[in-house]
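*Asks:* This is the structure, below, for whatever I ask next.
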Amino acid sequence: MSDHQPSQFSQSAQMQNAPTRSNLPTETLAAWSWASAALLLTLAACLTLSPRFLLFISEPASGYRSSLTALESFLALHFGIWLFAIALALVFNIPSPPQPMPLVQSSTQPYQPLLGPLTFAASLSAFLAWNTTSVGPLALIMFIGSLIIGIWGLWAIMFAGTSFMSKTTGADKHTSGFIFGNTSAASNIKKRWRSDRGSRQDNQ
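Using the UniProt record's numbering, read the sequence shown as starting at 1 and increasing by one per residue.
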């Protein structure tokens, strides 16, 4: 029994000292995030604002073209939008130094850092693809795919959460305020809850 105890202690010490993804220094993650975001933003700016510059550095001097084709312009614009969204997600999710002692112990819920930026990028891409007629069915395919991601993302941001559900009445607070303004439904639920509560107290 005593022979197994040192080995167990050594194994537990090795597991604690083993490097994990959460043990990376905050400064290293922040520097990587800023550098990656800067490179992605630079490439996104070249693709969306100055795609001819990429044509200038990629085409040989003998066969230089002065303008992009419709397909090249379409792909450059939409790839630039998606790269810009990923760069924003990197910037908005740079880790902060850990606090020595948390003051409030709150329960953490699952969170997707790419939800907001990619939803915005998908909505913008769907809008631009719908108004593009020079690339044939490719614009329709891009529109459908981006529209699905955008609408699903907007639904997840606005409705897929329990923080806007009333803990007392169970009414959905999303529909009682802007933009729906369905205050009558929330008030009816509240009245029904009060009547049920009153009847239970009378029965007791």
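C-beta atoms are modelled at their ideal positions from N, C-alpha and C, and glycine is treated no differently. These numbers come from a predicted model, not from an experiment.
(1) What residue from Pro60, Leu88, Ile149 and Met142 has the CA that sits closest to Ala45's CA?
(2) Between the segment 67-85 and the segment 40-57, do at least 3 Cβ pairs fall closer than 8 angstroms?
(3) What did DSSP end up calling Ser22 once you bin it into helix, strand or coil?
(4) Would you report the Cα separation of Val91 and Ser33, rounded to the nearest angstrom?
(5) Which of the three DSSP states, helix, strand or coil, is assigned to Ala70?
(6) Mind the definition here: the segment 70-81 touches the segment 122-136 only if three or more C-beta pairs lie below 8 angstroms; say whether that holds.
(7) So, helix, strand or coil for Arg192, using DSSP?
(8) By a C-beta neighbour count over all protein chains shown, 10 Å radius and 16 as the cutoff for buried, is Thr26 buried or exposed?
(9) With a CB to CB cut of under 7 angstroms and the five nearest residues on each side skipped, what residues in its chain are close to Phe120?
(10) Between which two residues does the alpha helix (DSSP H) carrying Gly116 extend?
(11) Would you kindly work out how many angstroms separate the C-alpha atoms of Asn93 and Pro113, rounded to a whole number?
(12) Within 10 angstroms of the Cβ of Phe9, are there 16 or more other Cβ atoms? Answer buried if so, exposed if not.
(13) Within the same chain, show all residues whose beta-carbon is closer than 7 angstroms to that of Leu140, passing over the 5 residues directly before and after it, in chain order.
(14) Which term fits Leu47, buried or exposed, when burial requires 16 or more other beta carbons within 10 angstroms of its beta carbon?
(15) Among the candidates Thr28, Glu59 and Phe79, whose CA atom is the shortest distance from the CA of Leu49?
(16) Quick check on Ala122: buried or exposed, where buried means 16 or more other Cβ atoms within 10 Å of its Cβ?
*Replies:* With the structure as the only source:
(1) Translated into the one-based positions of the sequence shown, residue 45 becomes position 45. Of the listed residues, the one whose Cα sits closest to Ala45 is Leu88.
(2) Because the criterion of three Cβ pairs below 8 angstroms is met, the segment 67-85 and the segment 40-57 touch.
(3) If you number the sequence shown from 1, residue 22 lands on position 22. Its pLDDT being 49, under 50, Ser22 is placed unreliably by the model, and the measurement read from it follows with that caveat. It is helical.
(4) Numbered from its first residue, the sequence shown carries residue 91 at position 91. Numbered from its first residue, the sequence shown carries residue 33 at position 33. Rounded to whole angstroms, Val91 to Ser33 spans 7 angstroms at the Cα level.
(5) Against the sequence shown, residue 70 aligns to sequence position 70. The answer is helix: DSSP assigns Ala70 an H, G or I state.
(6) With a cut-off of 8 angstroms, the segment 122-136 and the segment 70-81 count as touching, because enough Cβ pairs lie within range.
(7) Residue mapping note: residue 192 aligns to position 192 of the sequence shown, counting from 1. Note: Arg192 maps to helix in three-state DSSP.
(8) Numbered from 1 along the sequence shown, position 26 holds the residue referred to as residue 26. Label assigned to Thr26: exposed.
(9) Mapped onto the sequence shown, residue 120 falls at position 120. Here the set comprises Ala85.
(10) By one-based count along the sequence shown, residue 116 stands at place 116. Note, Gly116: alpha helix (DSSP H), Leu115 to Trp130.
(11) Within the sequence shown, numbered from 1, the residue matching residue 93 stands at position 93. Within the sequence shown, numbered from 1, the residue matching residue 113 stands at position 113. Approximately 7 angstroms between the Cα atoms of the pair.
(12) Against the sequence shown, residue 9 aligns to sequence position 9. No answer about Phe9 holds up, because its pLDDT of 48 lies below 50 and its placement is not dependable.
(13) Along the sequence shown, read from residue 1 onward, the residue named residue 140 stands at position 140. For Leu140, where only same-chain residues beyond five positions count, there are no Cβ hits under 7 angstroms.
(14) Taking the first residue of the sequence shown as position 1, residue 47 is located at position 47. When all chains shown are included, Leu47 counts as buried.
(15) Looking up residue 49 in the sequence shown gives position 49. The candidate whose alpha carbon is nearest that of Leu49 is Phe79.
(16) If you number the sequence shown from 1, residue 122 lands on position 122. With 16 or more Cβ atoms within 10 Å of its Cβ, Ala122 is classed as buried.
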